[in-house]
Ligand code: PGA
Ligand code: ZN
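Residue numbers (our numbering): -15 to 403.
What follows is the structure, given as structure tokens:
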């Protein structure tokens, strides 16, 4: 079946940090409406597609309401690939340098939303997912620092947890929320300055040192395990590109006053993993250090997921490069890093085929749309990296809870790396 576009429109709106984005609206000739607004990052990789065109957000809106609307009026598509290749033709640069990802991803997801409404099917089915999908496991930021907390909390950007034994997405999500609450209780006992403050993603902010913070999270994990019987794996996003000083070639831990060269950083990561029993490490090294990621996989990769975010920026050619070198054993998929759904799905599939784990992820500045949940189902993601609280995040978990309830599930993805 073909979907015919009657009109495309856009309004400047604001993301969860109050920064401008574009609410894209696409109307079909049958009168259905598809919508989306792209999120934005704070620890942005240098290889990401630019979010905005020259001229900023107003120029982005003008592009949609004038040029894109003129071209897409009357355009018909019968698959997401067909729509996205039209989008690439309109852009003409190969990486959305002219449109910006706020425009391109806004249109791409609005088209997917519209198609699912026209066909009366959930979006993950439009994107090729099975009727009854396997669900990812939630991967939730519970204690945060770095740029997401104005560099006033721990230096490591995120301490994350993933529940290991709940049988359903609903149970997994509820236990992650419980753990997030328990972390606050532990912090109020151990950190005299803790006042319930949270960062951009809703993770708690603390004055404890990085190492004390790990102990606090493990304390909460132990308590939830004895109260509810739920086991968790613990991990980190080091967001090392944000710590890296390319001139001095050092990783800078501002709060702890530590300076580390590449070798020291590698040893520090290995030590953290061993000392705190980590099962997941994202961006342990900066965005150009493919060999460093390979080295860490050799040393830790059997029981630990080593995941590239700024390293890969969801980009298929960078991922292909990394797969051949085994630079990590997992990839982050953030659709706005490459600017359309099709490219994001190709990247996820390629990584998955090579045995890499696929982690579909939110951004720190999010919008209140659930669409990301459908992308995770369609690509059969292993992990769904979205914080457990704040409305713009909860809406994404709720979408998975709803899909599980409405269409059933083949269970949750096994967590092959939690040793
Ligand atoms: P960002 O952070 O959205 O600010 O880039 C998330 C991450 O680094 O994973
Ligand atoms: Zn990251």
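Using N, Cα and C, we set each Cβ at its ideal position, and we do this for glycine too.
By a C-beta neighbour count over all protein chains shown, 10 Å radius and 16 as the cutoff for buried, is residue i buried or exposed?
i, result
"residue 371", "buried"
"residue 299", "buried"
"residue 362", "buried"
"residue 307", "buried"
"residue 60", "exposed"
"residue 353", "buried"
"residue 462", "Residue 462 lies beyond the stretch modelled for the chain, which goes from -15 to 403, so this question has no answer here."
"residue 389", "exposed"
"residue 172", "exposed"
"residue 62", "exposed"
"residue 136", "exposed"
"residue 177", "exposed"
"residue 356", "buried"
"residue -1", "buried"
"residue 271", "buried"
"residue 14", "exposed"
"residue 146", "buried"
"residue 243", "exposed"
"residue 38", "exposed"
"residue 323", "buried"
"residue 233", "exposed"
"residue 182", "buried"
"residue 396", "buried"
"residue 179", "exposed"
"residue 380", "buried"
"residue 184", "buried"
"residue 134", "exposed"
"residue 76", "exposed"
"residue 2", "exposed"
"residue 18", "buried"
Please work out which residues of its chain come closer than 7 angstroms, Cβ to Cβ, to residue i, disregarding the five sequence neighbours upstream and downstream, and give them in chain order.
i, result
"residue 262", "218, 219, 220, 256 and 288"
"residue 65", "326"
"residue 148", "215, 216, 217, 399 and 402"
"residue 103", "-15 and 110"
"residue 269", "224, 249, 276 and 277"
"residue 167", "126, 127, 188, 200, 201 and 204"
"residue 68", "92, 324, 325 and 326"
"residue 245", "233 and 234"
Return the Cβ separation of residue i and residue j in integer angstroms, given the expectation that the two are a contact with Cβ distance under 8 angstroms.
i, j, result
"residue 205", "residue 163", "7 angstroms"
"residue 376", "residue 351", "6 angstroms"
"residue -4", "residue 4", "5 angstroms"
"residue 194", "residue 240", "6 angstroms"
"residue 393", "residue 117", "7 angstroms"
"residue 281", "residue 310", "5 angstroms"
"residue 114", "residue 358", "In fact, because the Cβ distance is near 13 angstroms, the residues do not count as touching under 8 angstroms."
"residue 332", "residue 316", "In fact, because the Cβ distance is near 10 angstroms, the residues do not count as touching under 8 angstroms."
"residue -9", "residue 54", "Contact flag wrong, Cβ pair sits at about 11 angstroms."
Between residue i and the rest of its own chain, which residues show a CB-CB distance below 6 angstroms, the 5 nearest in sequence each way excluded?
i, result
"residue 260", "198"
"residue 36", "44, 84 and 86"
"residue 284", "257"
"residue 186", "371, 373 and 374"
"residue 142", "125, 128 and 221"
"residue 297", "29, 31, 32 and 321"
"residue 294", "29, 225, 267 and 271"
"residue 174", "200"
"residue 409", "Within the shown structure, residues of the chain are numbered from -15 to 403, placing residue 409 beyond reach of any answer."
"residue 161", "372"
Within the 8 angstroms Cβ cut-off, does residue i reach chain B?
i, result
"residue 353", "Protein chains in the displayed structure number just one, and chain B is not present."
Please return the same chain residues whose Cβ sits closer than 8 angstroms to the Cβ of residue i, not counting the five positions on each side in sequence.
i, result
"residue 229", "235 and 236"
"residue 6", "-6, -5, -4, -3, 21, 22, 41, 44, 45, 48, 86, 87 and 90"
"residue 209", "215 and 216"
"residue 138", "127, 128, 129, 130, 190, 192, 193, 194, 197 and 239"
"residue 334", "300, 303, 304 and 307"
"residue 404", "An answer regarding residue 404 cannot be provided, because it is not within the stretch -15 to 403 covered by the chain."
"residue 213", "149"
"residue 157", "122, 372, 381, 384 and 385"
"residue 391", "106, 115, 116 and 117"
"residue 274", "295, 305, 306, 309 and 311"
Less than 7 angstroms between the CB of residue i and some heavy atom of the ligand NAD, yes or no?
i, result
"residue 388", "Absent from the structure shown: the ligand NAD. Ligands present: the ligand PGA and the ligand ZN."
Quiz item: Counting Cβ pairs closer than 8 angstroms, one from the segment 108 to 126 and one from the segment 350 to 367, do we hit at least three?
Solution: yes
Quiz item: Is there contact between the segment 291 to 305 and the segment 327 to 344, where contact requires at least three CB pairs shorter than 8 angstroms?
Solution: yes
Practice problem: Would you be able to state if there are at least three C-beta pairs under 8 angstroms between the segment -7 to 10 and the segment 91 to 103? | Solution: yes
Quiz item: Can you list the alpha helix (DSSP H) stretches of 4 or more residues lying completely in the segment 149 to 227, in chain order?
Solution: Qualifying alpha helix (DSSP H) stretches, in chain order: 153 to 174 and 194 to 212.
Quiz prompt | In chain order, each alpha helix (DSSP H) run of at least 4 residues that lies wholly inside the segment 236 to 290 | solution = 246 to 260 and 274 to 284
Self-check item: Complete runs of the beta strand (DSSP E) confined to the segment 79 to 140 [at least 3 residues]
Solution: 121 to 128
Practice problem: Just list the beta strand (DSSP E) runs in the segment 317 to 367, keeping only unbroken ones of 3 residues or longer that don't cross its boundaries, in chain order. | Solution: 341 to 345
Practice problem: Please specify which runs of the beta strand (DSSP E), each continuous and at least 3 residues long, are wholly inside the segment -1 to 32, giving them in chain order. | Solution: 4 to 12 and 17 to 21
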